[in-house]
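**Q** There's a structure below that I have some questions on.
Chains as they are written, first to last, in the working numbering: chain A, 1 to 446; chain B, 1001 to 1446; chain C, 2001 to 2446.
Given below as structure tokens:
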């Protein structure tokens, strides 16, 4: 191979030289091998971007809560990704992609003899999927923040990443699941990742109850402002950036570059539209454009476009995003109305908009873009929409029930909630023995 | 295609499997198709990096201003990107790349039947260009910060992203513009993006006037230190990182890997040189190495290398960066001298160094690297330099005049500036009803 | 080439169009050219990620120290990368990769006629290596923080990036070094980058002495908590993200996609395991899960997997990471015990775990994955382990001795340490004339 021009063969350990030279000595690359290398590279880069979303979640969650609980949320954020990485390796991947029944996979533990439904390297596919699993797990941290024990959070994260998330994933993405065989379409996880995280969070906060002082004696909600909107803003930008791996990466192959480009463009337009419509909605309702809500609007648009990103055109992506931005504002108001306390808005963003995005496939999707049935607005009737509704209902119900059992178990054994004193003082001191902002005066009273 | 090894055909919605399998059923990939996929992938990754620069701009602008206006600048930063994404989709792309005259394009609205001058997917090319448009728009936010109404900023951003930026872009990058047909060379946008942003900012601050207290009764400037240099530092690192998409991505094709690698190396060296020379300049002048100026020096180097990055060699990139670092220091002093208040240094960084970088093409550029005429320092005489001077003069004049009209219009209708009371109290409370750092004691007096 | 479909040939300066069209006029691409373009692209993306680690280092170091020294550490962080970029261009690359003896290279200054041992563009390979050099340089900043003069830091950084790091690199990665010819294996730099940085830091802090107040009159260590754990957490996430360029990028070629995917997966699992084991170790020892230590555990896992990432399987990567997390906790305690003051834990993370990772190659490495000898735990005996021990001992000894000479020289001429008054007041005011957090009340007393 002329292009190698290695001067010092045999070399030993210039990084990578070994790989090149050993290959060069074997045989020239075929086009198929190059394509597989290219696809693997793309899936890996997408996996790196999805990993980086973990930083985005961490910054959003930290920025939206009070300074006194910041170490605790960052700790949860680190450890849920760590636990998800290890547990998904040991058993999650097997439950999700292993051969088995339509309900759960039963082989491939520790990636040994693990099936690989993708056209890329098993390890690349695993890393991409493990990062998704970490995202589903960490969504819950924000909703349950400022009052949940760290030890109990650790237990929760084992269950969701080892069992609950993989089962939902098996239904939809394994190729053998009962939902995918019905034609259920969730391209990159509005249901599998976001609604799963959002409805697990809903189960959790129902067991946990609201923070002290969130609702007045008459039940009226009080604002508990986040301690650092710049951190939260950075987090939203990082999430938006990472979503360019999350959605386009799910195409798994670059051979269809047109499709990946369409997905990326749809993702960006839906996020932009969500930010704008949430800003306008809250501006009309309260007279001022609110940054927190605008940022949640962008995230809502991203969650909503996740399922349909491959099946719709850019103009439709904008409409989906606009509606997502409205849903998130009214979703936050609804939770306040029913006295459910979700400090960062994780349930409206990931739960409600996960449902909306999944349904949007059945409304706006095109058969010509690979969907089983034409969407309702293109004359396809209710078939695809019905499948979508059934699928998202089944998944969220399963998640809500199974996670309720998990949280009930933790509640009955270790307890979910810190003491009243600890909550008032902040979790950072009692749970971790440290402050987030040493040297600064922070007012820990509400 | 052997490499696919799909076990469970037919599968429906494992993400991407559908794409692979549908392709596999059609025909094997040709080398041309692989190249196009590879090029599309590269342009998309570059687009993601350029998008991420928005986070960099946000953090730099927030860090360099006072805490009491932080929510406002972050809000502007989110929304200008959102508006740019949507407006560039609806009409900006058509004005910029559509067929039409040498002055403006007139077809391709909503990307429908939009011409695609690149060798990659239309959507990939669009996303990359839309992210550039967002960058041009957001440059202005920093210069006009701490005193401009949010509502008026929103109006401004519609004009620049829908009309003004696309027109300049059409002149230089559409392939049909009057400037490109003269041989004007601006590889990645020292003029098109940065000088456009910088001179729009200049027009804006002239209408807006300086912040209360910036200049004493005798006209002497007062330092108004930024509230978080760590945020600003992070922002500069993110911008530097994103510039690796901005400049090398503009090559649009990886087939010429040597060129892309040269561009990336030049970009990095100019940034490094700009940081060092700004540090030394300010150290000599004031006795201490100043972090703000060092960071602006890095950005100045990046802006200056943006036009010539493909046409010069690494040693020349270092020289261009060294000069950029000196220009930014004296540029800041000059603005202080003429009592123009630019809180973050956006005009010296993007405006003055945008001009410098554009001229540097005519000084240091090589014909062998694809330039129309040899640069002055390589014996090519004044031809290319003259074209560069004409081009950057035409563009900055057009931007300054048209944006002055826009700002005059907004000034006469909604007003550009917040009230004196609001400015003193900070824009976050009055414009958005929230604080950036709840729980911290922040001194809002100057 | 059908795929170009250029409508407006000849075009001049649509970014990149020139490149494509000039190519199209010449000849079609061969598969070899495509592979070289693809490999170059991958190395460049990896270089961008490694560059971004600089932001990670900056945030970790800033977050772990006190607010009063934050400007100083950020300044060091910017400038060491700037100096490393320029010095590695002028001479470092020549010393590292130039032809010469087994000890040092002697040609290729300013990249002119520079040898290129890789299969990718020289500039891409240079940029990747320059970013590595910057990483080695910046590791020292954290360990010597809060008391070292900026001017002296500037001198140090010239020496390490121009001479010391390139010599170690030459021994191991040039293809002509005496260590690589013995079969020493350090895939991505546990020794070359991390132990080099860690042991240079050790030499530095021995000359510098501990911060005022770090050790009580009886020698007992006092905690000096960092001023912003969210910044530090963000930094760790950025480093982890960047490591996906650092380790997999070192493979330099995507043709062996399986290998790159394995490396990325190993990198992630070791980091996750390091975080978890450090958390558990400190939890057992002190009763609370500590965020700082958990984050250092993740970094420890990343450092430790850097040498063996290509030579071990995922299960082994987990074990290597678990041990790394324990080493970092006891390493911190050990430094406290011997009264060495390393404010951010750089020596345990990069020094001790650099050694551990290098030795782990000899314990866990597989011949089938390209290692010269089978590792001890796979029945290969002590051969590879012996080579690894010799190599890491030689490198760390060389670094420690040569950097001691450098620090002794600086100490004797300009002085290493700021005055007592300046240290108590904070370096930001005296060295740079500015504060990191203007408008916030920061308590600068310990």
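Ideal placement from N, C-alpha and C gives every residue a C-beta, glycine not left out.
Predicted, not measured: the structure shown is a model, and the values here were computed from it.
#1: Which residues of chain A have a Cβ atom closer than 9 Å to the Cβ of residue 1086/B, listed in chain order?
#2: In three-state terms, what does DSSP make of residue 91/A?
#3: Who are residue 1442/B's beta bridge partners in DSSP?
#4: Indicate whether at least one CB of chain B lies closer than 8 Å to the CB of residue 2440/C.
#5: Output, in sequence order along the chain, the residues in the region 1025–1045 of chain B whose CB is closer than 9 Å to any CB in chain A.
#6: Does the pairing of the region 2064–2072 of chain C with the region 2417–2429 of chain C give three or more beta-carbon distances under 8 Å?
#7: Alpha carbon to alpha carbon, how far is residue 2048/C from residue 2240/C? Give it in angstroms, no decimals.
#8: To the nearest whole angstrom, what separates the beta carbons of residue 2252/C and residue 2120/C, a pair I think is in contact under 8 Å?
#9: For residue 1001/B, which three-state DSSP category applies?
#10: If distances are taken between C-alpha atoms only, which option among 1168/B, 1282/B and 1130/B comes closest to residue 1402/B?
#11: Would the region 270–278 of chain A and the region 301–308 of chain A be scored as touching if the rule is three or more Cβ pairs under 8 Å?
#12: Checking 8 Å against the spacing of the C-beta atoms, do residue 297/A and residue 2237/C come in under that value?
#13: Around the Cβ of residue 432/A, are there at least 16 other Cβ atoms within 10 angstroms (buried) or fewer (exposed)?
#14: Give me the chain B residues within the contact set of residue 421/A, using Cβ-Cβ distance strictly less than 9 Å, ordered along the chain.
#15: Taking only runs of the alpha helix (DSSP H) that begin and end inside the region 2117–2176 of chain C, which ones reach a length of at least 4 residues, in chain order?
#16: Looking at the C-beta of residue 1355/B, does it have a partner C-beta in chain C at a distance below 8 Å?
#17: For residue 435/A, count the other beta carbons within 10 Å of its own beta carbon; 16 or more makes it buried, fewer makes it exposed. Which is it?
#18: Within the same chain, show all residues whose beta-carbon is closer than 6 Å to that of residue 2228/C, passing over the 5 residues directly before and after it, in chain order.
#19: Rounded to a whole number of angstroms, what is the C-alpha to C-alpha distance between residue 1993/C and residue 2293/C?
#20: Could you please give me the residues that DSSP links to residue 1367/B through a beta bridge?
#21: Can you name, in chain order, every residue of its own chain whose Cβ lies under 8 Å from the Cβ of residue 2107/C, other than the five neighbours on each side?
#22: Can you give, in chain order, each stretch of the alpha helix (DSSP H) that sits fully within the region 2033–2114 of chain C and has at least 4 residues?
#23: Let's see if you can read the secondary structure: which residues bound the alpha helix (DSSP H) around residue 2399/C?
#24: Give the straight-line distance between the Cα atoms of residue 1080/B and residue 2361/C, rounded to the nearest whole angstrom.
#25: Suppose you measure from the CA of residue 1146/B to the CA of residue 285/A; what does that come to, to the nearest Å?
#26: What residues from the region 200–230 of chain A come within 8 Å of chain B, judged by C-beta to C-beta, listed N to C?
#27: Distance, Cα to Cα, residue 382/A vs residue 395/A?
#28: Could you round the C-beta distance between residue 2306/C and residue 2386/C to whole angstroms and report it? I think they count as a contact, below 8 Å.
#29: Strictly below 8 Å CB to CB, what residues from chain B border residue 2434/C?
#30: In three-state terms, what does DSSP make of residue 2348/C?
#31: Grab the span of the alpha helix (DSSP H) containing residue 420/A for me, first residue to last.
#32: By Cβ distance, which residues of its chain are closer than 6 Å to residue 23/A, with the 5 residues on each side in sequence left out?
#33: Taking one C-beta from the region 1334–1350 of chain B and one from the region 1169–1182 of chain B each time, how about it: are there three or more such pairs within less than 8 Å?
#34: By the criterion of Cβ-Cβ separation under 8 Å, what are the contact partners of residue 1070/B in chain C?
#35: From this set, 2324/C, 2380/C and 2155/C, which residue's C-alpha is nearest residue 2412/C's C-alpha?
#36: Among the candidates 316/A, 202/A and 210/A, whose CA atom is the shortest distance from the CA of residue 348/A?
**A** Well, looking at it:
#1: Chain A residues near residue 1086/B: 269, 272, 273, 276 and 318.
#2: Here residue 91/A sits in helix by DSSP.
#3: According to DSSP, which records beta bridges pairwise, residue 1442/B is partnered with 2440/C.
#4: Taking CB atoms only, residue 2440/C has a neighbour in chain B less than 8 Å away.
#5: Taken in chain order, the members of the region 1025–1045 of chain B whose beta-carbon sits within less than 9 Å of a beta-carbon on chain A are 1028, 1029, 1030, 1031, 1033, 1034, 1036, 1037, 1038, 1039, 1040, 1041, 1043, 1044 and 1045.
#6: With a cut-off of 8 Å, the region 2417–2429 of chain C and the region 2064–2072 of chain C count as touching, because enough Cβ pairs lie within range.
#7: Roughly 14 Å separates the two Cα atoms.
#8: For residue 2252/C against residue 2120/C, the beta-carbon gap comes to about 6 Å, under 8 Å, which counts as contact.
#9: The predicted model places residue 1001/B with a pLDDT of 30, which falls under 50 and marks its position as unreliable, so this point remains unresolved.
#10: When 1168/B, 1282/B and 1130/B are compared, the shortest CA-CA separation from residue 1402/B is found for 1168/B.
#11: The region 270–278 of chain A vs the region 301–308 of chain A: in contact.
#12: Taking 8 Å as the Cβ cut-off, residue 297/A and residue 2237/C do not qualify as a contacting pair.
#13: Within a 10 Å sphere around the beta-carbon of residue 432/A sit 16 or more other beta-carbons, which makes this residue buried.
#14: Those within 9 Å of residue 421/A in chain B number zero; the least Cβ separation is about 19 Å.
#15: Fully enclosed alpha helix (DSSP H) runs of 4 or longer: 2122–2143, 2150–2159 and 2165–2173.
#16: It does not; no Cβ of chain C falls within 8 Å.
#17: Result: buried.
#18: Cβ within range, chain order: 2063.
#19: This structure cannot speak to residue 1993/C, because chain C is shown only from 2001 to 2446.
#20: Bridge pairing for residue 1367/B: absent [DSSP].
#21: Taken in chain order, the residues that qualify are 2094, 2098, 2099, 2100, 2113, 2114 and 2115.
#22: Complete alpha helix (DSSP H) runs here, min 4: 2070–2087 and 2093–2097.
#23: Start and end: 2383–2413.
#24: If I take the Cα positions, the gap works out to 51 Å.
#25: The straight-line gap from Cα to Cα measures roughly 26 Å.
#26: Along the region 200–230 of chain A, the positions whose C-beta sits under 8 Å from a C-beta of chain B are 225, 226, 227, 228, 229 and 230, read in chain order.
#27: Between residue 382/A and residue 395/A, the C-alpha separation is close to 20 Å.
#28: The Cβ separation is near 20 Å, so there is no contact.
#29: Near residue 2434/C (Cβ distances below 8 Å), the residues of chain B are 1225, 1229, 1290, 1291 and 1292.
#30: In the structure shown, residue 2348/C sits in a helix (DSSP, three-state: H, G or I).
#31: Note, residue 420/A: alpha helix (DSSP H), 420–425.
#32: At residue 23/A the pLDDT is 37, less than 50, meaning the model places this residue with poor confidence; the figure from the coordinates comes in the next sentence. Excluding sequence neighbours, residue 23/A sits near nothing in its chain.
#33: The region 1334–1350 of chain B vs the region 1169–1182 of chain B: no contact.
#34: Per Cβ cutoff of 8 Å: no residues; residue 1070/B is ~10 Å from chain C at best.
#35: Residue 2155/C is the option with its Cα nearest to residue 2412/C.
#36: Nearest Cα to residue 348/A within the set 316/A, 202/A and 210/A: 202/A.
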